[in-house]
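Just so you know, the sequences run in chain order A and B.
So the first sequence is numbered by numbering that gives the first Met the number 0: it starts at 0 and just counts up by one.
So the second sequence is numbered by numbering that gives the first Met the number 0: it starts at 0 and just counts up by one.
C-beta: ideal position from N, C-alpha, C; glycine also.
Here is the structure we will look at, set down as structure tokens.
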Amino acid sequence: MNILVCVKRVPAPGARINITADGQQVDTAFLGFTVSPHEECAVEQAVQLIEKHGGDVTVLTLGPAEAEEQLRTAVSTGATKAVLVPIDTTDWDPQKTSEALAKVIAELETANGKYDLILFGNESADSCGYQVGIRVALKLGRPIVNGAKGLEIESGIATIRRESDAGVEIYKLKTPACVGVKEGINLPRYPTMKGRLASKKVAITQSAMTAETGGLKLITLQRPAERASNTKILGTGPEAASAVVDLLEELGVFK
Amino acid sequence: MTVLAVVEHDRGTITSASLGVLTAARSLAKQMNTKFEALTIGSNADALSEIIAKYGATTVHQAHHSALTDFGPEAWGESVAQIVRKVSPSLVIGTGTERGHEVIAQTAARLNLPASMNCLEFDKGFTGTEPLKVVRARWGGSLLEEAEIDSPIKLVTLANHVVEPTEEPVSASVSVIDVQLDESVTQSFVQDRVERVAGVTLATSPVVVSGGRGVGSAEAFAPLEELAGLLNGVVGCSRAVTNNGWRNHTDQVGQTGTRIAPDVYIACGISGAIQHWVGAMASKNILAINTDAQANIVTKAGYAVIGDLHAVVPAISAEIRRRHNK
Numbered sequence: 000m001n002i003l004v005c006v007k008r009v010p011a012p013g014a015r016i017n018i019t020a021d022g023q024q025v026d027t028a029f030l031g032f033t034v035s036p037h038e039e040c041a042v043e044q045a046v047q048l049i050e051k052h053g054g055d056v057t058v059l060t061l062g063p064a065e066a067e068e069q070l071r072t073a074v075s076t077g078a079t080k081a082v083l084v085p086i087d088t089t090d091w092d093p094q095k096t097s098e099a100l101a102k103v104i105a106e107l108e109t110a111n112g113k114y115d116l117i118l119f120g121n122e123s124a125d126s127c128g129y130q131v132g133i134r135v136a137l138k139l140g141r142p143i144v145n146g147a148k149g150l151e152i153e154s155g156i157a158t159i160r161r162e163s164d165a166g167v168e169i170y171k172l173k174t175p176a177c178v179g180v181k182e183g184i185n186l187p188r189y190p191t192m193k194g195r196l197a198s199k200k201v202a203i204t205q206s207a208m209t210a211e212t213g214g215l216k217l218i219t220l221q222r223p224a225e226r227a228s229n230t231k232i233l234g235t236g237p238e239a240a241s242a243v244v245d246l247l248e249e250l251g252v253f254k
Numbered sequence: 000m001t002v003l004a005v006v007e008h009d010r011g012t013i014t015s016a017s018l019g020v021l022t023a024a025r026s027l028a029k030q031m032n033t034k035f036e037a038l039t040i041g042s043n044a045d046a047l048s049e050i051i052a053k054y055g056a057t058t059v060h061q062a063h064h065s066a067l068t069d070f071g072p073e074a075w076g077e078s079v080a081q082i083v084r085k086v087s088p089s090l091v092i093g094t095g096t097e098r099g100h101e102v103i104a105q106t107a108a109r110l111n112l113p114a115s116m117n118c119l120e121f122d123k124g125f126t127g128t129e130p131l132k133v134v135r136a137r138w139g140g141s142l143l144e145e146a147e148i149d150s151p152i153k154l155v156t157l158a159n160h161v162v163e164p165t166e167e168p169v170s171a172s173v174s175v176i177d178v179q180l181d182e183s184v185t186q187s188f189v190q191d192r193v194e195r196v197a198g199v200t201l202a203t204s205p206v207v208v209s210g211g212r213g214v215g216s217a218e219a220f221a222p223l224e225e226l227a228g229l230l231n232g233v234v235g236c237s238r239a240v241t242n243n244g245w246r247n248h249t250d251q252v253g254q255t256g257t258r259i260a261p262d263v264y265i266a267c268g269i270s271g272a273i274q275h276w277v278g279a280m281a282s283k284n285i286l287a288i289n290t291d292a293q294a295n296i297v298t299k300a301g302y303a304v305i306g307d308l309h310a311v312v313p314a315i316s317a318e319i320r321r322r323h324n325k
């Protein structure tokens with residue numbers, strides 16, 4: 000089984016996100032980077048599927064040269080091949096990104112055969128566009144369902160479990176298919192020693208690609224207005240318990 | 000020059016997010032001095048036209064096809080795309096929900112148009128033909144992006160809970176449109192469902208007691224379980240906890256977990272990273288229990304106790320038992 004996972008390099012913010020002076024991006028001077036959380040789970044899911052069925056997991060990212068770090072991370076947790084589509088900015092708009100990804104995937108498939116599954120994150124943690132996977136799937140002529148909290152594949156049918164307000168929904172897609180994965184589908188493993196060695200050795204295929212600029216343009220980033228902080232300190236240590244229960248009674252919790 | 004609202008429903012039941020979208024679409028149509036129309040998918044939603052008219056849409060387009068009996072992202076997206084081609088609206092607004100984002104993204108892909116998700120504000124001077132400036136949520140709402148959509152038809156989703164639904168009844172006309180759907184879009188319908196058992200969930204519980212990295216282990220959640228039980232609430236946790244395997248992801252409050260809005264949120268040993276805060280910030284009252292008085296969650300919470308949760312939480316439970324004979 001051949002699985003492709005598209006991942007994105009995103010900053011790993013802590014308590015506060017700062018913006019660069021020109022308002023064009025997140026100030027990453029003091030931040031580390033990570034694979035966007037939904038996609039980290041997509042990699043894990045793909046690795047679990049090939050452990051069961053055999054095959055290869057290729058990770059693909061469109062990003063700056065430094066995104067090689069996220070590809071190597073994916074290999075350290077079980078992906079077997081890595082492809083980087085280098086761009087000279089941190090981000091492309093969703094239409095441009097998906098056009099480039101679809102063209103690169105078509106090239107990869109011409110060389111290596113079709114992927115049974117192409118996985119995406121449900122949405123990226125930073126730009127939250129909710130659309131790149133869907134656009135790529137349509138360009139490749141594959142079905143796609145987002146929001147997967149469960150994914151199994153049996154006899155060429157991908158079964159997708161998705162949560163809704165009413166409960167759980169089941170979707171079934173004939174492979175080759177695309178799936179947008181959500182965090183919670185699994186608990187991603189930590190890199191193993193063997194994985195770390197593999198990640199150092201893996202050849203990163205570079206696949207340059209251009210695409211048309213789309214119609215959604217970032218003008219500026221802003222931080223939302225901060226809520227006035229007037230925290231009422233109820234006390235220190237276990238002695239505060241009485242004040243806490245007073246508050247809970249006042250808020251009507253015991254009614 | 001129409002504003003078209005895409006109504007989200009589940010097998011004929013309208014969602015609350017749709018009511019906000021109808022209200023936003025109506026005010027945008029007024030601002031643009033143009034018509035406000037709405038769209039429902041599947042004949043099981045035909046009866047919704049009455050509700051939609053209460054929100055001021057003058058025409059309701061009803062997409063019909065024998066396959067449209069449940070939700071299917073590709074069939075819904077294709078249906079919206081066909082109606083957009085027919086109606087030629089200048090602006091299409093969908094719900095800022097999992098389904099809403101998916102349907103608008105499907106529509107945008109099929110029409111090769113840009114789409115801007117989770118919009119909070121629209122340019123108040125927008126008249127319909129020029130590029131549309133919006134403010135949209137990034138990082139689950141902890142960062143805002145001013146963006147411009149430059150295309151003849153603008154596709155957006157409205158961030159949920161941003162617009163308070165208000166009615167303004169009109170009498171609406173109905174236009175039934177038979178859409179054409181082939182097998183390329185009809186396999187991705189819901190095939191089966193497991194309905195949720197009745198009871199409080201993390202998303203609906205009025206009281207949530209959450210633990211973070213400071214709890215220290217899976218076993219150390221027992222006092223939090225006890226407190227939640229005494230308050231008829233449920234236990235939640237931060238991403239650090241699920242990453243450590245102490246609790247299941249279904250308990251995770253945050254950007255990539257569940258977004259909650261309880262009456263009372265008690266955050267124990269949680270620092271309050273962006274990822275977590277985004278999921279908890281809609282809570283009506285937040286009590287933080289933390290050893291660090293400078294922790295992000297302490298500075299943002301309405302109430303705080305500075306201290307070790309392992310001592311404070313059992314003391315609160317003991318005090319509740321004493322006062323309420325539990």
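Along the region 205-229 of chain A, going in chain order, the ones with a CB nearer than 7 Å to a CB of chain B are Gly-213, Gly-214, Leu-215, Lys-216, Leu-217, Ile-218, Thr-219, Leu-220, Gln-221, Arg-222, Pro-223, Arg-226, Ser-228. The straight-line gap separating the alpha-carbon atoms of B:Thr-58 and A:Thr-191 is approximately 60 Å. Contact holds between the region 236-244 of chain B and the region 264-278 of chain B, because three or more Cβ pairs, one in each stretch, are under 8 Å apart. Counting C-beta pairs with one atom in each stretch, the region 98-105 of chain B and the region 75-84 of chain B have three or more that are closer than 8 Å, which means they touch. Here the region 64-76 of chain A lies against the region 198-209 of chain A, with 3 or more beta-carbon pairs under 8 Å apart.
Non-local C-beta neighbours of A:Ala-124 in its own chain, meaning closer than 7 Å and more than five positions away in sequence, comprise Val-9, Ser-35, Pro-36, ordered along the chain. Note that the C-beta distance between A:Gln-69 and A:Thr-33 is below 9 Å. Residue nearest to B:Phe-121 within the set B:Val-184, B:Glu-194, B:Met-31 is B:Met-31 (criterion: CA-CA distance). Taking a Cβ-Cβ threshold of 8 Å, the residues of chain B close to A:Leu-172 are Gln-186, Ser-187, in chain order. In the DSSP assignment, A:Lys-148 falls within the beta strand (DSSP E) that extends over 143-153. Against chain A, a Cβ distance below 8 Å from B:Thr-298 picks out Ser-228, Thr-230. Boundaries for A:Leu-186: no beta strand (DSSP E) harbours it, and the DSSP string shows neither H nor E there. Neighbours of B:Ser-170 in chain A, taken as residues at a C-beta separation under 8 Å, are lacking, since the least C-beta distance is about 31 Å. If you check each beta-carbon in the region 50-84 of chain B against every beta-carbon of chain A, the ones closer than 7 Å belong to Pro-72, Glu-73.
Interface criterion not met: the Cβ of B:Leu-223 is under 9 Å from no Cβ in chain A.
Apart from the 5 residues on each side of it in sequence, B:Thr-39 sits with its Cβ closer than 8 Å to the Cβ of Val-6, His-8, Asp-45, Leu-47, Ser-48, Ile-51, Val-59, His-60, Gln-61, Ala-62 in its chain, given in chain order.
Exposed is the label assigned to A:Gly-166, since fewer than 16 other Cβ atoms lie within 10 Å of its Cβ. In the structure shown, the three-state DSSP call for A:Lys-200 is helix. For A:Ala-242, the nearest CB of chain B lies under 9 Å from its own CB, placing it at the interface with that chain.
When C-beta distances to chain A are compared with 7 Å, the residues of the region 190-218 of chain B below that value are Gln-190, Asp-191, Arg-192, Val-193, Glu-194, Arg-195, Val-206, in chain order. Non-local beta-carbon contacts of B:Ala-16 in its own chain, meaning distances under 7 Å to residues more than five positions away in sequence, involve Glu-7, Thr-94, Gly-95, Thr-96, Gly-99, Asn-159 in chain order. According to DSSP, B:Ala-136 shares a beta bridge with B:Leu-143. Looking at the DSSP output, B:Leu-131 shares a beta bridge with B:Ile-148. Within the same chain, and ignoring the five residues on either side of B:Lys-132 in sequence, the residues whose Cβ sits closer than 6 Å to its Cβ are Asp-122, Glu-147. Scanning its chain for C-beta atoms nearer than 6 Å, with the 5 sequence neighbours on each side dropped, one finds around A:Val-82 the residues Leu-59, Thr-204, Ser-206, in chain order. Rounded to whole angstroms, the Cβ separation of A:Cys-177 and A:Leu-100 is 11 Å, and the two are not in contact under 8 Å. Taking A:Glu-151 as the centre and dropping the five residues before and after it, the same chain places the C-beta of Thr-158 closer than 6 Å to its C-beta, in chain order. Excluding the 5 residues flanking it on each side, A:Arg-141 has same chain C-beta neighbours closer than 8 Å at Ile-117, Pro-175, Ala-176, Cys-177, in chain order. Proximity of the region 47-58 of chain A to the region 159-175 of chain B falls short of the contact definition, fewer than three beta-carbon pairs being nearer than 8 Å.
For the pair of segments examined, the region 203-213 of chain B was found not to touch the region 78-89 of chain B: the number of CB pairs separated by less than 8 Å stays below three. Straight across, the Cα-Cα distance linking B:Trp-245 with B:Leu-223 is about 13 Å. In this structure, B:Trp-138 is the residue among B:Trp-138, B:Leu-230, B:Arg-25 with its C-alpha nearest to the C-alpha of A:Gly-128. In the three-state reduction of the DSSP assignment, A:Val-180 falls in the strand class, which pools E and B. Following the DSSP letters along the chain, one finds B:Gly-19 inside the alpha helix (DSSP H) bounded by residues 15-31. Annotation for A:Val-135: Ser-97, Leu-100, Ala-101 place their beta carbon closer than 6 Å to its own, counting only its chain and skipping 5 residues before and after. A:Glu-211 is classed as exposed because its beta carbon has fewer than 16 other beta carbons within 10 Å across all chains shown.
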